[in-house]
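One structure is given below, encoded as structure tokens.
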Amino acid sequence: TQDYREVQLTSVLGKDVLLFRSMVAHEQLSQPFEYHINAYSLDASLDFTKVIGTPMSVCLTLPDNRKRYFNGWVSEFSQMPSGSHRYAAYRMVLRPWLWFLSRYSNCRFFQDKTIPDILKDVFDDRGLIDYDPKKLKPAEYPKREYCVQYRETDFNFVSRRMEEEGIYYYFEHTEDGRHILKLVDDKSDHDSAPGFATIPFAASLRSSYGPPKDTVFDWVVSQSAQPSGYALNSFYFEQPSNPLYKLVEPQAKHPQVQATLYDYPGPDVYRDIANGERYAKIRLQELHAEQERIHAKTNAMGLTVGALFTLTEFPRDDQNRQYLVTGSHIKLHSDFYES
């Protein structure tokens, strides 16, 4: 049984039919998560068709007895050698409902709609309701006279259109087994992880006890050269004399790098100079988001992708500030079920 264990697995097969053994979880902003789970079962003949495409949840009990959930839909299910006379071994991959849109494709037009409106149409068309666009600002998104999905999966289509508009996403996992797609377009749309608004740095020391709980114990900061400016151009046949070239002036974090990227997205994206400026700013913000990255290790198990936290007690003062978690790699293990 999984009763009283720190990590528990729940599936449509019923209580304790699958027993959690381990999980490697990959999460990143604007990417479908992947949870690779190993489990045991007393049943060596589980029906794969009853598992693929169904919801599954991993519940982690935190040191303060709060719960953290990892919910997804089973996209892969495998039976593995177990090395046990009692238990069969299974491996599964959980992905979000958004990933399952990669199993659909279509050819269609959307007319006189904003990209948030189009996202809603695509999601609703597939009966998908677990998304939250409340942080988006409808008035800021221009209507597209026409928007085409042509021989393209639903996932690729919505991903491409969100990227054009500077919309990105992360997932919120709930106690009832759902994972909510949170649509955002600005750092101000994020909140601190409950109980982890501030996390101290503790240097990683070689000790059998390890670092103190709920600390950051490894911190690697890096910066990279990125273009300082961005220029867009377009042409609209109904207004051929209307200039649509727009340059967003260089904003160099590194003064030695004075470079401007030029692109021609065409009238499908914008047809007036005001929107040209808007999209050029979005593209430049996208590039500048790559200028500084932090790779860290922490045992603060409640810190999630999409959450903000403030680092403290780092020996370099300019690092003691607020950060957004953009990705994570998590490993969980449970003790054996037999001696």
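Note that this note's numbering gives residue 337 to position 281 of the sequence shown, counting from 1, and the numbers run on in steps of one.
From the three backbone atoms N, C-alpha and C, an ideal C-beta is built for every residue, glycine too.
Small disclaimer: the values here were computed from a predicted structure and weren't measured.
Since I236 sits in a beta bridge, which residues does DSSP pair it with? E228
Pick out whichever of N212, R147, Y197, D173 has its Cα sitting closest to the Cα of S161. N212
Which whole-angstrom value describes the C-beta separation of F257 and F370, a residue pair presumed to lie in contact below a C-beta threshold of 8 Å? 4 Å
Identify, in the order they occur along the chain, each residue of the same chain with its Cβ nearer than 6 Å to the Cβ of A249, setting aside the five sequence neighbours on each side. G358, L359, T360, A363
If you draw a straight line from the C-alpha of Q295 to the C-alpha of P323, how long is it? 11 Å
From what residue to what residue does the beta strand (DSSP E) around Y96 run? 87-97
Looking only at its chain, what residues have a beta carbon closer than 7 Å to the beta carbon of R234, apart from the 5 residues adjacent to it on each side? N127, D186
Cβ distance (whole Å) where E333 is taken to contact V304 below 8 Å: 7 Å
For a quick check, are the C-beta atoms of Y7 and S113 less than 8 Å apart? This structure leaves residue 7 out entirely; the chain is present only between 57 and 395.
Using CA coordinates, which residue listed in E62, R147, V107, K123 is at the minimum distance from Y91? R147
Between which two residues does the beta strand (DSSP E) carrying P111 extend? 111-117
What whole-angstrom Cβ distance do P152 and F227 have, given they're in contact under 8 Å? 6 Å
In terms of residues, what are the limits of the alpha helix (DSSP H) holding E220? 210-221
Mind checking whether H310 and A287 have CB atoms under 8 Å apart? no
Best match in E348, R349, N355, Y301 for proximity to I329 [C-alpha to C-alpha]: Y301
With DSSP collapsed to three states, give me the class of P323. coil
Under the DSSP definition of a beta bridge, which residues are partnered with E294? E294 is not bridged to any residue.
G139 versus A100, T110, W155, residue with shortest Cα-Cα distance: A100
What does L367 pair with, by DSSP beta-bridge criteria? I255
My guess is that L367 and I255 are in contact by the Cβ rule of under 8 Å, so how many angstroms apart are they, rounded? 6 Å
Report the three-state DSSP secondary structure of S244 (helix, strand or coil). helix
With three or more C-beta pairs closer than 8 Å as the rule, is the segment 62-75 touching the segment 103-117? yes
Does the segment 163-180 come within contact of the segment 203-223, defined as at least 3 CB pairs closer than 8 Å? yes
By Cβ distance below 8 Å, which residues in the same chain neighbour D247 in space, the five residues on each side in sequence not counted? A363, L364
Select from R349, D120, I338, N298 the residue whose C-alpha is nearest the C-alpha of D242. I338
Just the C-alpha distance for Q58 and F104, rounded to the nearest angstrom, thanks. 22 Å
Leaving out five residues before and five after D210 in sequence, what residues of the same chain have Cβ atoms less than 6 Å from its Cβ? L157, Y160, V178
Along the chain, where does the beta strand (DSSP E) containing V48 start, and where does it finish? Because the chain is modelled from 57 through 395, residue 48 falls outside the range shown and cannot be assessed.
Segment limits, alpha helix (DSSP H) that includes Y335: 329-344
Could you check where the beta strand (DSSP E) with D168 kicks off and where it finishes? 161-169
Counting only the same chain and skipping the five closest in sequence on each side, list residues whose C-beta sits under 8 Å from that of A336. Y286, A287, L288, K302, L303, V304
Do you know offhand how far Y143's Cα is from E231's? 28 Å
What did DSSP end up calling K25 once you bin it into helix, strand or coil? The requested residue 25 does not occur in the structure, where the chain is confined to residues 57 to 395.
For I93 versus L150, is the C-beta spacing smaller than 8 Å? yes
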